[in-house]
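*Asks:*
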Amino acid sequence: MESIFYTLQEFITYTQSIVYLLAVGALVALALFWRFLTGRDKKKRTF
Amino acid sequence: MGVTRRQFLAGTGTAMGNNFLLSRHAQAAATRHFSGHPGSLGVLHDISRCIGCRKCEAACNQVNELPPPERPFDDLNVLNLERRPDAGVYTVVNRFLPPATALPVFVKKQCNHCLEPACVSACFVKALKKSETGAVVYDPSLCVGCRYCMIACPFNIPAYEYSDPITPKVMKCTLCQPRIQKGLMPKCVEICPKEALAFGTREDLIKIARQRIHDYPGRYVDHIYGEHEMGGCNWLYISNVGFADIGMRQDLGDISAAQRTSGLLASFPIVVVTGFVFLTGIYAISKRKDRIVNEETQAGAKRDKKKAVKDAATPARKSSGAQTSLPRLKNLQSVFSPFNLTAGIIVLVGMILTVLRFTGGLGAVTRLDDNNPWGLWIGFDLLCGVTLAAGGYMTSAACYLFGLKRCHSAVRPAVLTAFLGYALVVLALCYDVGRPWRLPYSIFLSQGTSSLLFMLAVCMFLSVFVLAIKCSPAAFECLGWRKARNAVIELTLALTVLGIILFILHNLTLGGLFLIAPFKLHPLWHSTYLPVSFLISSMFAGMSMVIFESTLAQRFLRPKMDPAHLSAGPHITFGFAKAAAWVMAGYVMIQLIGLAADNDWGELISRWGIWYLLELIGFVALPAFFFAVGERERNIRLIRWAALWTLLGIILNRLNICLIAFNWNLPADQRYFPSWMEVVTSIFIVTIGIIAYRFCVARMPILYEHPDYRYER
Ligand code: SF4
Ligand code: SF4
Numbered sequence: 001m002e003s004i005f006y007t008l009q010e011f012i013t014y015t016q017s018i019v020y021l022l023a024v025g026a027l028v029a030l031a032l033f034w035r036f037l038t039g040r041d042k043k044k045r046t047f
Numbered sequence: 001m002g003v004t005r006r007q008f009l010a011g012t013g014t015a016m017g018n019n020f021l022l023s024r025h026a027q028a029a030a031t032r033h034f035s036g037h038p039g040s041l042g043v044l045h046d047i048s049r050c051i052g053c054r055k056c057e058a059a060c061n062q063v064n065e066l067p068p069p070e071r072p073f074d075d076l077n078v079l080n081l082e083r084r085p086d087a088g089v090y091t092v093v094n095r096f097l098p099p100a101t102a103l104p105v106f107v108k109k110q111c112n113h114c115l116e117p118a119c120v121s122a123c124f125v126k127a128l129k130k131s132e133t134g135a136v137v138y139d140p141s142l143c144v145g146c147r148y149c150m151i152a153c154p155f156n157i158p159a160y161e162y163s164d165p166i167t168p169k170v171m172k173c174t175l176c177q178p179r180i181q182k183g184l185m186p187k188c189v190e191i192c193p194k195e196a197l198a199f200g201t202r203e204d205l206i207k208i209a210r211q212r213i214h215d216y217p218g219r220y221v222d223h224i225y226g227e228h229e230m231g232g233c234n235w236l237y238i239s240n241v242g243f244a245d246i247g248m249r250q251d252l253g254d255i256s257a258a259q260r261t262s263g264l265l266a267s268f269p270i271v272v273v274t275g276f277v278f279l280t281g282i283y284a285i286s287k288r289k290d291r292i293v294n295e296e297t298q299a300g301a302k303r304d305k306k307k308a309v310k311d312a313a314t315p316a317r318k319s320s321g322a323q324t325s326l327p328r329l330k331n332l333q334s335v336f337s338p339f340n341l342t343a344g345i346i347v348l349v350g351m352i353l354t355v356l357r358f359t360g361g362l363g364a365v366t367r368l369d370d371n372n373p374w375g376l377w378i379g380f381d382l383l384c385g386v387t388l389a390a391g392g393y394m395t396s397a398a399c400y401l402f403g404l405k406r407c408h409s410a411v412r413p414a415v416l417t418a419f420l421g422y423a424l425v426v427l428a429l430c431y432d433v434g435r436p437w438r439l440p441y442s443i444f445l446s447q448g449t450s451s452l453l454f455m456l457a458v459c460m461f462l463s464v465f466v467l468a469i470k471c472s473p474a475a476f477e478c479l480g481w482r483k484a485r486n487a488v489i490e491l492t493l494a495l496t497v498l499g500i501i502l503f504i505l506h507n508l509t510l511g512g513l514f515l516i517a518p519f520k521l522h523p524l525w526h527s528t529y530l531p532v533s534f535l536i537s538s539m540f541a542g543m544s545m546v547i548f549e550s551t552l553a554q555r556f557l558r559p560k561m562d563p564a565h566l567s568a569g570p571h572i573t574f575g576f577a578k579a580a581a582w583v584m585a586g587y588v589m590i591q592l593i594g595l596a597a598d599n600d601w602g603e604l605i606s607r608w609g610i611w612y613l614l615e616l617i618g619f620v621a622l623p624a625f626f627f628a629v630g631e632r633e634r635n636i637r638l639i640r641w642a643a644l645w646t647l648l649g650i651i652l653n654r655l656n657i658c659l660i661a662f663n664w665n666l667p668a669d670q671r672y673f674p675s676w677m678e679v680v681t682s683i684f685i686v687t688i689g690i691i692a693y694r695f696c697v698a699r700m701p702i703l704y705e706h707p708d709y710r711y712e713r
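Here the protein sequences line up with chains Z and P, keeping their order. When the letters of the first sequence are read in order and numbered with the numbering used here, they come out as residues 1 to 47. When the letters of the second sequence are read in order and numbered with the numbering used here, they come out as residues 1 to 713.
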């Protein structure tokens with residue numbers, strides 16, 4: 001369903017809410033993918 | 001063709017009935033061109049008809065149940081003063097004597113109920129809303145009292161109850177929203193004896209205004225004020241004299257506040273995702289380099305390490321965990337040391353001021369007013385606090401992402417400083433905002449995601465959280481909680497990457513806060529690059545802070561430092577001096593490009609220009625040069641002075657943006673200057689930070705390696 005926006009401010013509020021949630025989701029997904037990508041690397045901490 | 005008030009109101013009534021007592025959603029179409037709520041209502045103020053009788057002021061006062069005025073409404077002498085709405089007055093009428101006419105001109109001032117209100121875009125808890133009637137309405141049950149809406153409003157309309165300590169509210173005209181919802185018109189329109197105010201749909205009002213201008217070309221200036229200003233308003237004006245002559249700004253442009261900040265808001269998710277990918281990529285590259293070096297030196301290192309662990313462990317066990325083996329600070333034990341006495345006096349005065357602040361409201365201790373809603377606590381405590389806390393992120397990035405292991409010993413002190421810096425920023429905000437207990441509303445209850453302040457709140461909340469976790473291993477080592485400590489150490493990479501993303505977002509947001517108010521900040525400081533300038537300047541501020549802090553530690557906390565930390569000091573100082581000089585050179589270039597991008601060169605030839613150049617050359621370019629000379633000549637003393645100089649420059653820059661060059665075009669008597677109580681409260685907050693820092697370094701392995709973990713970090 002398409003939402004109706006009369007002001008740019010309403011539009012920004014709506015889209016930013018979704019985009020922020022997606023950004024958090026993207027961070028989690030990337031972190032998991034990073035683990036998968038580097039999972040076979042030699043276990044050696046450099047810190 | 002003229003329209004009588006009665007005819008007009010008849011049409012308006014029909015429009016109101018059609019538009020607001022029935023559902024209108026069916027009429028709307030989804031579109032990317034935002035032209036406001038269809039059929040929204042407004043008022044047309046025909047300035048040529050106003051006689052300055054103040055009846056609208058009286059009606060507004062009565063219908064909104066505002067406090068009685070200082071001088072009665074029939075006293076027309078107040079018209080001699082140029083007034084603005086305040087916490088007890090939603091609308092004022094001012095008298096002007098423009099050169100074009102021999103007669104005085106009267107202008108009513110109140111909220112213009114913008115189509116894209118800056119105040120609504122600014123509010124991070126959605127306490128302000130643009131309603132479908134056209135009114136911009138305020139919900140005091142959500143307001144935190146941050147006063148960013150006041151900063152954002154280009155017309156300087158919202159006012160604040162500075163003297164209310166517990167429930168201060170933002171006060172402004174509501175367009176008589178409760179009356180409109182009952183099918184009535186705003187009281188001021190109803191009462192006006194000269195029909196200088198007309199109420200109706202915005203579309204109809206624009207038509208009427210055009211008609212009048214067309215019918216009486218000699219009488220009206222050919223401009224409808226509010227048709228396009230700041231993206232348009234629901235309150236419109238036509239006038240018989242130029243708007244510039246009656247105190248109405250001509251330089252606002254057609255771009256709305258929402259448009260001004262939308263670009264930066266849209267960049268945040270990109271910063272998060274690309275920042276994550278980029279930073280982990282850097283880590284992977286530096287780790288690979290590291291592994292090659294490690295493999296080459298592995299055999300020899302293993303032998304040395306085994307022997308050293310054995311040597312180090314023996315005396316520690318002998319002392320059975322007693323802290324006597326750790327260095328101690330002698331002067332911390334002395335209760336009546338000069339430091340303790342000074343700090344004690346400051347804390348005592350600070351406590352008294354705290355009581356005053358929370359019993360008498362902001363008005364009791366600050367010189368804030370409706371034109372200057374932000375003062376020293378935002379300019380210094382918030383802006384400088386966040387910037388100077390950057391050292392923690394800089395050292396973590398250098399050590400854990402770029403693989404500069406020599407920075408390792410600087411990480412803990414820098415992260416502790418950053419954590420305390422952020423914690424103190426939160427403390428300062430508790431003093432500054434009207435209802436600090438509502439600060440979490442923005443995250444958990446009512447997210448005003450169109451506001452940059454929302455992102456600032458998120459960054460603040462997460463930064464305190466991340467830095468607290470990053471600081472925790474030192475506490476766990478003290479307590480002997482090995483497992484918890486190791487679990488946190490495992491998170492180092494994730495925390496570092498997250499911390500740096502937060503650092504970037506935080507500084508972009510801080511700079512971006514002022515994008516919404518381009519008419520209030522002097523053009524030399526207001527630039528499209530302001531967020532980037534904030535970010536870059538906080539990088540070299542962070543590096544300078546690490547140098548400054550290590551200088552202080554070497555001087556005053558030397559007994560608390562182990563040889564590794566003592567010997568790493570100069571390496572870190574030279575390394576960060578070089579990096580800071582380089583970043584500062586980049587910053588100067590960006591400032592120059594910013595001047596060119598906004599074509600602000602002409603502004604340099606003024607008093608403000610000299611002040612700006614003093615800041616840029618005197619407090620950025622010069623210390624950058626001294627950093628470079630100090631690094632080349634291995635002159636650590638010069639570098640330390642340059643670091644202090646840079647820090648002063650950063651404080652000057654933040655104060656310029658938030659206070660000195662802000663509201664630069666207001667008359668001198670309306671400018672802000674902090675009260676002594678604001679200054680002492682800021683000193684009190686910094687003192688708490690210093691006490692907390694000394695407390696931590698005296699008890700935790702911050703400036704030395706805990707013997708049990710010496711070879712694990
Ligand atoms: S920005 Fe100012 S004038 Fe516009 S709606 Fe908000 S308070 Fe009113
Ligand atoms: S929360 Fe802040 S921006 Fe929102 S209405 Fe209150 S003072 Fe204004």
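Just so you know, even glycine gets a beta-carbon here, dropped at the ideal spot from N, CA and C.
Count the other CB atoms, across all protein chains shown, that sit within 10 Å of the CB of residue 182 (chain P); report buried if there are 16 or more and exposed otherwise.
*Replies:* For the purposes of this step, residue 182 (chain P) is identified with residue 182 of the second sequence, where counting begins at 1. Classification of residue 182 (chain P): exposed, given that the 10 Å Cβ count is below 16.
*Asks:* In three-state DSSP terms, what is residue 160 (chain P)?
*Replies:* Counting from one through the second sequence, the residue named residue 160 (chain P) turns up at place 160. If DSSP states are grouped into helix, strand and coil, residue 160 (chain P) belongs with the strands.
*Asks:* Please write down, chain order preserved, every residue whose beta carbon lies under 6 Å from a heavy atom of ligand 2.
*Replies:* Ordered along the chain, the selected set is P:122, P:123, P:125, P:127, P:128, P:143, P:144, P:145, P:146, P:147, P:148, P:149, P:170.
*Asks:* How would you write the range of the alpha helix (DSSP H) that residue 41 (chain Z) sits in, first residue to last?
*Replies:* Stepping through the first sequence from its first residue, residue 41 (chain Z) is reached at position 41. Run containing residue 41 (chain Z): none; DSSP gives neither H nor E here.
*Asks:* So, at 6 Å on beta carbons, what are the nonlocal neighbours of residue 603 (chain P) in its own chain, with the 5 sequence-adjacent residues on each side left out?
*Replies:* For the purposes of this step, residue 603 (chain P) is identified with residue 603 of the second sequence, where counting begins at 1. Around residue 603 (chain P): 523, 524, 609.
*Asks:* Mark residue 670 (chain P) as exposed unless 16 or more other C-beta atoms lie within 10 angstroms of its C-beta, in which case mark it buried.
*Replies:* Taking the first residue of the second sequence as position 1, residue 670 (chain P) is located at position 670. Residue 670 (chain P) should be labelled exposed.
*Asks:* Are any of the Cβ atoms in chain Z nearer than 7 Å to that of residue 365 (chain P)?
*Replies:* What you label residue 365 (chain P) is simply residue 365 of the second sequence in a count that begins at 1. No, its Cβ sits nowhere closer than 7 Å to a Cβ of chain Z.
*Asks:* Does the pairing of the stretch 393 to 401 of chain P with the stretch 538 to 546 of chain P give three or more beta-carbon distances under 8 Å?
*Replies:* In this structure the stretch 393 to 401 of chain P lies against the stretch 538 to 546 of chain P, because at least three pairs of beta carbons, one per stretch, are closer than 8 Å.
*Asks:* According to DSSP, is residue 700 (chain P) part of a helix, a strand, or is it coil?
*Replies:* Taking the first residue of the second sequence as 1, we reach residue 700 (chain P) at position 700. Looking at residue 700 (chain P) - three-state DSSP - the assignment turns out to be coil, as it is neither helix nor strand.
*Asks:* Is it buried or exposed for residue 139 (chain P), if we count other Cβ within 10 angstroms and need 16 for buried?
*Replies:* Residue mapping note: residue 139 (chain P) aligns to position 139 of the second sequence, counting from 1. Per the 10 Å Cβ criterion, exposed.
*Asks:* Are the beta-carbon atoms belonging to residue 587 (chain P) and residue 536 (chain P) less than 7 Å from one another?
*Replies:* If you number the second sequence from 1, residue 587 (chain P) lands on position 587. If you number the second sequence from 1, residue 536 (chain P) lands on position 536. In contact: residue 587 (chain P) and residue 536 (chain P) (Cβ atoms closer than 7 Å).
*Asks:* Indicate the three-state DSSP secondary structure (helix, strand or coil) for residue 144 (chain P) in the structure shown.
*Replies:* In the second sequence, counting from the first residue as 1, residue 144 (chain P) sits at position 144. Here residue 144 (chain P) sits in coil by DSSP.
*Asks:* Work out the CA separation of residue 616 (chain P) and residue 103 (chain P) for me, nearest whole Å.
*Replies:* Position 103 of the second sequence, counted from the first residue, corresponds to residue 103 (chain P). Position 616 of the second sequence, counted from the first residue, corresponds to residue 616 (chain P). Rounded to the nearest angstrom, the two C-alpha atoms are 48 Å apart.
*Asks:* Short of 7 Å Cβ to Cβ, which residues in the stretch 248 to 275 of chain P face chain Z?
*Replies:* 256, 258, 259, 262, 265, 269, 272, 273
*Asks:* Please list, in chain order, the chain Z residues whose beta carbon lies closer than 7 Å to that of residue 705 (chain P).
*Replies:* Looking up residue 705 (chain P) in the second sequence gives position 705. Residues of chain Z passing the Cβ test: none, with the nearest at roughly 14 Å.
*Asks:* Can you tell which of P:666, P:207, P:427 has its C-alpha closest to the C-alpha of residue 684 (chain P)?
*Replies:* Position 684 of the second sequence, counted from the first residue, corresponds to residue 684 (chain P). Residue P:427 is the option with its Cα nearest to residue 684 (chain P).
*Asks:* Which term fits residue 272 (chain P), buried or exposed, when burial requires 16 or more other beta carbons within 10 angstroms of its beta carbon?
*Replies:* Counting from one through the second sequence, the residue named residue 272 (chain P) turns up at place 272. The C-beta of residue 272 (chain P) has 16 or more other C-beta atoms within 10 Å across all chains shown, which makes the residue buried.
*Asks:* According to DSSP, is residue 224 (chain P) part of a helix, a strand, or is it coil?
*Replies:* The residue given as residue 224 (chain P) occupies position 224 in the second sequence. If DSSP states are grouped into helix, strand and coil, residue 224 (chain P) belongs with coil.
*Asks:* Where do the N-terminal and C-terminal ends of the alpha helix (DSSP H) with residue 618 (chain P) fall, by residue?
*Replies:* Within the second sequence, residue 618 (chain P) is the residue found at index 618, counting from 1. From DSSP, residue 618 (chain P) is part of no alpha helix (DSSP H); its letter is neither H nor E.
*Asks:* Just confirm the distance between the C-beta atoms of residue 225 (chain P) and residue 248 (chain P), as a whole number of angstroms; I'd bet it's less than 8 Å.
*Replies:* Working through the second sequence from its first residue, we reach residue 225 (chain P) at position 225. Working through the second sequence from its first residue, we reach residue 248 (chain P) at position 248. That pair is a contact at about 6 Å.
*Asks:* Name, please, each residue of chain Z whose Cβ falls closer than 7 Å to the Cβ of residue 36 (chain P).
*Replies:* Residue 36 (chain P) sits at position 36 when you count from the first residue of the second sequence. Neighbours of residue 36 (chain P) on chain Z, chain order: 6, 7.
*Asks:* Quick one: is residue 280 (chain P) near chain Z, going by C-beta distance under 7 Å?
*Replies:* In the second sequence, the residue the question calls residue 280 (chain P) occupies position 280. True, the Cβ-Cβ gap to chain Z drops below 7 Å.
*Asks:* If contacts are defined as beta-carbon pairs under 8 Å, then residue 9 (chain Z) and residue 120 (chain P) qualify, I think. What distance do you get, rounded to the angstrom?
*Replies:* For the purposes of this step, residue 9 (chain Z) is taken as residue 9 along the first sequence, with counting starting at 1. For the purposes of this step, residue 120 (chain P) is taken as residue 120 along the second sequence, with counting starting at 1. Confirmed, about 5 Å.
*Asks:* I want to verify the contact list: residues of chain P whose CB lies under 7 Å from the CB of residue 102 (chain Z), in sequence order.
*Replies:* The shown model of chain Z, from 1 to 47, leaves out residue 102 (chain Z), and the question about it has no answer.
*Asks:* Taking a contact to mean a Cβ-Cβ separation below 7 Å, would you say residue 451 (chain P) touches residue 122 (chain P) in this structure?
*Replies:* To locate residue 451 (chain P), count along the second sequence from 1; it is residue 451. To locate residue 122 (chain P), count along the second sequence from 1; it is residue 122. Result yes, Cβ atoms of residue 451 (chain P) and residue 122 (chain P) sit closer than 7 Å.
*Asks:* Measure the alpha-carbon distance for residue 67 (chain P) versus residue 665 (chain P) and round it to whole angstroms.
*Replies:* Taking the first residue of the second sequence as position 1, residue 67 (chain P) is located at position 67. Taking the first residue of the second sequence as position 1, residue 665 (chain P) is located at position 665. Rounded to whole angstroms, residue 67 (chain P) to residue 665 (chain P) spans 31 Å at the Cα level.
*Asks:* Using DSSP with H/G/I as helix, E/B as strand and the rest coil, what is residue 13 (chain P)?
*Replies:* For the purposes of this step, residue 13 (chain P) is taken as the residue at position 13 of the second sequence. Unreliable placement is indicated for residue 13 (chain P), whose pLDDT of 41 sits below 50; the coordinate value is still reported in the next sentence. Helix at residue 13 (chain P).
*Asks:* What does the shell around ligand 1 hold, if a residue joins when its beta-carbon is under 6 Å from any heavy atom?
*Replies:* The set, ordered by position in the chain, is P:111, P:112, P:113, P:114, P:117, P:118, P:119, P:136, P:153, P:155, P:157, P:158, P:172.
*Asks:* DSSP puts residue 42 (chain P) in a beta bridge; with which residues?
*Replies:* What you label residue 42 (chain P) is simply residue 42 of the second sequence in a count that begins at 1. P:200.
*Asks:* Closer than 7 Å by C-beta to residue 702 (chain P): which residues in its own chain qualify, once you throw out the five before and the five after it? Chain order, please.
*Replies:* On the second sequence, position 702 is the one that residue 702 (chain P) refers to. Around residue 702 (chain P): 412, 413, 416, 474, 696.
*Asks:* If you run the structure through DSSP and keep just helix, strand and coil, what is residue 415 (chain P)?
*Replies:* Position 415 of the second sequence, counting from 1, holds the residue named residue 415 (chain P). If DSSP states are grouped into helix, strand and coil, residue 415 (chain P) belongs with the helices.
*Asks:* For the beta strand (DSSP E) that residue 112 (chain P) lies in, which residues bound it at each end?
*Replies:* Counting from one through the second sequence, the residue named residue 112 (chain P) turns up at place 112. Here residue 112 (chain P) belongs to no beta strand (DSSP E), and DSSP marks it neither H nor E.
*Asks:* Use the C-beta contact count for residue 163 (chain P): other C-beta atoms within 10 angstroms, 16 or more gives buried, fewer gives exposed.
*Replies:* Locating residue 163 (chain P) in the second sequence gives position 163, counting from the first residue. Per the 10 Å Cβ criterion, exposed.
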